[in-house]
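Residue numbers (the numbering used here): 62 to 862. C-beta atoms are modelled at their ideal positions from N, C-alpha and C, and glycine is treated no differently.
Shown next, in the form of structure tokens:
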């Protein structure tokens, strides 16, 4: 090993050590930030913040099935008590009586600040008489028990008004003293984590706490002393308790776990298949290990480069790591198989280097993307390919032992050459296939690409259905359609929420919106609270009006003295604040609908449709249009996320076309003859066309990962086409059999690796597999079939110049 080789190996080892240190200290994420442009619109910013880190992302929906209602209720109380003691949870609600009692007490104590009925007219003589008469009528009904108990202190019915007001949206069913699903099959709880939904590690810990607490409850809980023998026997015969979890944080944990599990399992299977193939080819463990050095070096360098360039590594970038094997594993194959008796540096390396450059040009088109996700993929691929090629060129040759035995595969290549010599593919056949594929793509042009971001979700459909059911049962915030308020202060956000609520009340009356929720319903602005308290008459006025209003009614003198005292006290009361709500379920509602983020206050007003109808979002926008557009926005989350993904996809398509143009320009400069450029590009385009048309015929809608698969097909396939072009440009074809053998082995390793991914249950992995596996196979086949027939003639037969 000469001095230059020692220097190359030393630099490589030092680089590996540095890269390993960077990777170990890197920060990794799996939130939606990679799908957000670097300079997002205000609407996009609001959307992604709400989905990834808004209060709704911190809600975990908990269901307990099995046993009977009493058994589920006991488990619900035990689980809620355990979780409330954990600092990871801000609030845990299950509808227990204590919580309802706190809410009713709060509604009674602050009824005049909260009730929308409190106006000056309401406390006039006519208003007082109408309210007292209505309360007396209610007392005479079967539902009048609470009104009867409050009559002397609240004859105008403000407490009941507040209770009805706060329960205006769907409320969970109560069964055995706790929340239950509508069909009574499961007990329900709602937990709010301290960490945002974007913190997947924290969400995973919270989910783990819930599962472990549930396991302890179901395995160690003592028998209920009041349970009768018959009830216990029936409970033991029923199905065992089952825990069901849902919510954004649960989905993020589930998705990460699924991707990690699938990626690990399939990566191991792919690696095993490739290693088995290479062992059969090399017949040497040492050669195999040397051949994997460029792959490992490239993957490590790619992750380190992304960590340095972006400060954070996205999960989709790590998932792309397996695709790097597809090309980087080819470089040592070419070195080991083709370099027998030939000068690697002078003959093979220029072709390998040109192939790597074409790949780099393709992936470089992703670097200027406005979306960090695409830019990360570009940087990762470029860094990995550069390092893998450099290790193959400068590190592997000096490391290889002088007596390293590699089986001669020339007979395999000779067989392939004889087989190809018998095949005649007229140019018209290739043109016809191209036209047919183009026609198929034209016919499917409107449904070829999906604009649905959910197509990339690894969350099973059954989990999404369970989430929808539990949300409907709990009345949890629905973020399908919503009004988003932005303001500089909490009070401004509440005032705008009240203004928007006034418009939405009209839409509810018109049947455009079924109902809506608002933080101002639970925490009115201080201005509104002050106006309501100011509407309360002073003691003398109230006594006089009350006497006039109750004339002729069967009410004893002095019956309303508690009412008079409490109104006088309330007139001096201060406003309700967020801190005042602590200890009630109203705090959970406000936290889910009002929060501060990045110096701005956000108020969320979820819209609920009437039964069986969709909300006319355009009409909602028109109704709110005269309010300040800078403060009030109407979002249809599905439309916005799909539009965001559509922009992401459109940008990727444009940049991919620019990358393809750069590849053509590079080949023109390197090959210098147009017919040679066409000879290299044609099989790659044809392979991509055929695979895309086949997917369209199979009813598969393409996603961003299919596009990445096409880029990888071009990247890997360019090496095949360049080797055929180099062989066609040489007069001495003595090395052609080994060239063919190396291409076949490299292609087989790529196809095996990606074929496994095609059967993955994770959309991002299956999209790569079903695109790259057939794409690279066809790229080699078309490169061979479109090469000059004289290339496969007998060795003694010279090629034309």
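Contact under 8 Å by Cβ, residue i with residue j
i           : j           : result
residue 271 : residue 123 : yes
residue 783 : residue 453 : no
residue 137 : residue 125 : yes
residue 666 : residue 558 : yes
residue 808 : residue 838 : yes
residue 351 : residue 460 : yes
residue 620 : residue 172 : no
residue 143 : residue 274 : yes
residue 594 : residue 184 : no
residue 647 : residue 167 : yes
residue 716 : residue 430 : yes
residue 84  : residue 365 : yes
residue 522 : residue 762 : no
residue 581 : residue 692 : no
residue 544 : residue 668 : yes
residue 684 : residue 327 : no
residue 512 : residue 703 : yes
residue 135 : residue 247 : no
Residue span of the beta strand (DSSP E) that contains residue i, given as start and end
i           : result
residue 697 : 693-697
residue 150 : 150-154
residue 306 : 303-307
residue 667 : 661-669
residue 548 : 542-548
residue 468 : Residue 468 -> no beta strand (DSSP E), and no H or E assigned at all.
residue 126 : 120-126
For residue j and residue i, believed in contact at Cβ under 8 Å, the rounded distance
i           : j           : result
residue 249 : residue 535 : 6 Å
residue 265 : residue 254 : Rounded, the Cβ-Cβ distance is 11 Å, inconsistent with contact.
residue 427 : residue 436 : 6 Å
residue 358 : residue 447 : 10 Å between Cβ atoms; not a contact.
residue 550 : residue 662 : 6 Å
residue 367 : residue 374 : 5 Å
residue 688 : residue 561 : 6 Å
residue 840 : residue 777 : 7 Å
residue 799 : residue 471 : 5 Å
residue 119 : residue 258 : 6 Å
residue 307 : residue 226 : About 28 Å separates the two Cβ atoms, so there is no contact after all.
residue 585 : residue 182 : Their Cβ separation, rounded to whole angstroms, is 19 Å, which puts residue 585 and residue 182 out of contact at 8 Å.
Start-to-end residues for the alpha helix (DSSP H) that takes in residue i
i           : result
residue 530 : 522-535
residue 235 : Per DSSP, residue 235 belongs to no alpha helix (DSSP H); it is in the beta strand (DSSP E), 234-236.
residue 83  : 64-86
residue 569 : 551-570
residue 358 : 346-371
residue 437 : 433-451
residue 482 : 471-482
residue 417 : 410-425
residue 750 : 735-758
residue 632 : 622-632
residue 135 : 130-145
residue 604 : 600-610
Option in the options with minimal Cα separation from residue i
i           : options            : result
residue 465 : 442, 396, 489, 515 : 396
residue 868 : 843, 787, 86       : The chain is shown only over 62 to 862; residue 868 falls outside these bounds and no answer can be derived.
residue 813 : 549, 767, 831      : 831
residue 423 : 779, 635, 234, 825 : 779
residue 744 : 279, 492, 474      : 492
residue 507 : 88, 760, 548       : 760
residue 816 : 331, 152, 211      : 331
residue 57  : 240, 156, 746, 737 : A query on residue 57 cannot be resolved here, the shown segment of the chain reaching from 62 to 862 and no further.
residue 851 : 788, 514, 834      : 788
residue 256 : 322, 179, 147      : 147
residue 363 : 450, 278, 309, 804 : 450
residue 479 : 78, 65, 846, 90    : 846
residue 434 : 766, 800, 79       : 766
residue 77  : 810, 342, 302, 445 : 445
residue 541 : 566, 675, 740, 607 : 675
residue 301 : 127, 419, 239      : 127
residue 438 : 482, 154, 360, 494 : 360
residue 682 : 573, 786, 706, 587 : 573
Residue-chain proximity (residue i, chain D), Cβ-Cβ < 8 Å
i           : result
residue 676 : Protein chains in the displayed structure number just one, and chain D is not present.
*Scan the stretch 170-257 and note each continuous alpha helix (DSSP H) run of 4 residues or more that stays entirely inside, going in chain order.*
172-175, 186-200, 206-211, 219-227
_Ignoring anything shorter than 4 residues, give me the alpha helix (DSSP H) runs that lie fully in the stretch 772-856, in order along the chain._
797-818, 824-846
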